[in-house]
Amino acid sequence: MGRLDGKVIVLSAAAQGIGKASAIAFAKEGAQVTATDINGEKLKELDGIPGNSLDGKTLPPSGDMRIKTKVVDVTKKDQVEALVKDFDHVDVLFNIAGFVHHGSILECEESDWDFSMNVNVRSMYLMIKAFLPKMLARKSGNIINMASVASSIKGVVNRCVYSTSKAAVIGLTKSVAADFLEQGIRCNCVCPGTVDTPSLHERIQARPNPEQAFKDFMARQKTGRLCTAEEVAHLCVYLASDESAYVTGTEAIIDGGWRL
């Protein structure tokens, strides 16, 4: 038996990185997964391209893995409300969509602030508000939000609005957990350090000196390596499963000791 057998899971930002790894991990454990993203072309990679695996084994087509894909912009209220209509119920909602802005407060324009808050926080507000009533109707539900160690956990250079938004995600997580604990709802957040994802490499390449930017990222890794998306996905499987039934309102940190 899989650890997530029979569970219906919806997640955002699933076309690559942590989202993609989590969608595959959930499906491998028996969940019925709906993977959403704004990037329809990248999302198609979840339709069973050989080699997508967590353990070096070739995975079966997504039909066997129980993955469905749908293009959704989770910052758009109408698209979120249309998405929720596809489901009679959802056991796990995993909010991953996010954007990393580089710079201090002096390098953060109002447009940067608004865009980051919209993607990183408001999208989660829209998704939770849309899906929570279906969970409450069954007195059972599990919400996982993607936060970060760069937040209220640790001050990080050149991550002003990103850290502020992720601190807000932690606050949102604890608020939902406290408000609906007695109605069968759990809500936790995942707080990674630096994860080896396509997004990270895109940001490194966008810096004036990519080689130095990579060295700077590596210099802060106390383990001497980056976290992998698959390692984060393993943690997310635990949070999505009944194994974590007594866990709510918690920041699940996976940072290789970066915060210490």
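Converting from the sequence shown to the numbering used here requires adding 467 to each position, the first position being numbered 1.
Ideal placement from N, C-alpha and C gives every residue a C-beta, glycine not left out.
Since the structure is predicted, the reported quantities are computational estimates derived from the model, not experimental observations.
Should residue i go down as buried or exposed, given a rule of 16 or more other Cβ atoms within 10 Å for buried?
{"i": "D504", "result": "buried"}
{"i": "A645", "result": "exposed"}
{"i": "G486", "result": "buried"}
{"i": "N676", "result": "exposed"}
{"i": "L648", "result": "exposed"}
{"i": "D709", "result": "exposed"}
{"i": "D558", "result": "buried"}
{"i": "V624", "result": "exposed"}
{"i": "A481", "result": "buried"}
{"i": "K682", "result": "exposed"}
Helix, strand or coil for residue i? Go by DSSP, reduced to three states.
{"i": "A481", "result": "coil"}
{"i": "N506", "result": "coil"}
{"i": "N625", "result": "coil"}
{"i": "K535", "result": "strand"}
{"i": "C656", "result": "strand"}
{"i": "E718", "result": "strand"}
{"i": "G570", "result": "strand"}
{"i": "A597", "result": "helix"}
{"i": "G530", "result": "Low local confidence applies: a pLDDT of 46 at G530 is under 50, so the model's placement there is unreliable, with the coordinate-based value given in what follows. Here G530 sits in helix by DSSP."}
{"i": "S520", "result": "Residue confidence for S520 is low, a pLDDT of 41 falling below 50, so the modelled location carries little weight; the figure read from the coordinates is stated next. Three-state result, S520: coil."}
Who are the near neighbours of residue i in its chain, counting only those whose CB is closer than 6 Å to its CB and skipping five residues on each side?
{"i": "D769", "result": "There is simply no residue 769 to check, as the chain begins at 468 and stops at 727 in what is shown."}
{"i": "T536", "result": "A502, L510, L513"}
{"i": "A549", "result": "none"}
Just grab the DSSP bridge partners of residue i for me.
{"i": "T695", "result": "D663"}
{"i": "P475", "result": "First, the amino acid is wrong: residue 475 is Val here, not Pro. In the DSSP output, where bridge partners are listed per residue, V475 has Q499."}
{"i": "L560", "result": "V477, I610"}
{"i": "A617", "result": "K621"}
Do residue j and residue i have their beta-carbon atoms positioned less than 8 Å apart in this structure?
{"i": "S607", "j": "N562", "result": "no"}
{"i": "N655", "j": "I611", "result": "yes"}
{"i": "H568", "j": "S578", "result": "no"}
{"i": "A488", "j": "V704", "result": "no"}
{"i": "N587", "j": "S632", "result": "yes"}
Identify, in the order they occur along the chain, each residue of the same chain with its Cβ nearer than 7 Å to the Cβ of residue i, setting aside the five sequence neighbours on each side.
{"i": "D540", "result": "I505, Q546"}
{"i": "L593", "result": "V541, K544, V547"}
{"i": "I572", "result": "C627"}
{"i": "G507", "result": "V538"}
{"i": "I637", "result": "A614, S618, S619, C656, E718"}
Cutting at 8 Å between CB atoms, please list the residues of its own chain near residue i, excluding the five before and the five after it.
{"i": "K689", "result": "G723, G724, W725, L727"}
{"i": "R533", "result": "A494, G497, A498, Q499, V500"}
Taking 8 Å as the CB-CB limit, is residue i close to chain C?
{"i": "K543", "result": "Looking at the structure shown, chain C is missing, and only one protein chain is on hand."}
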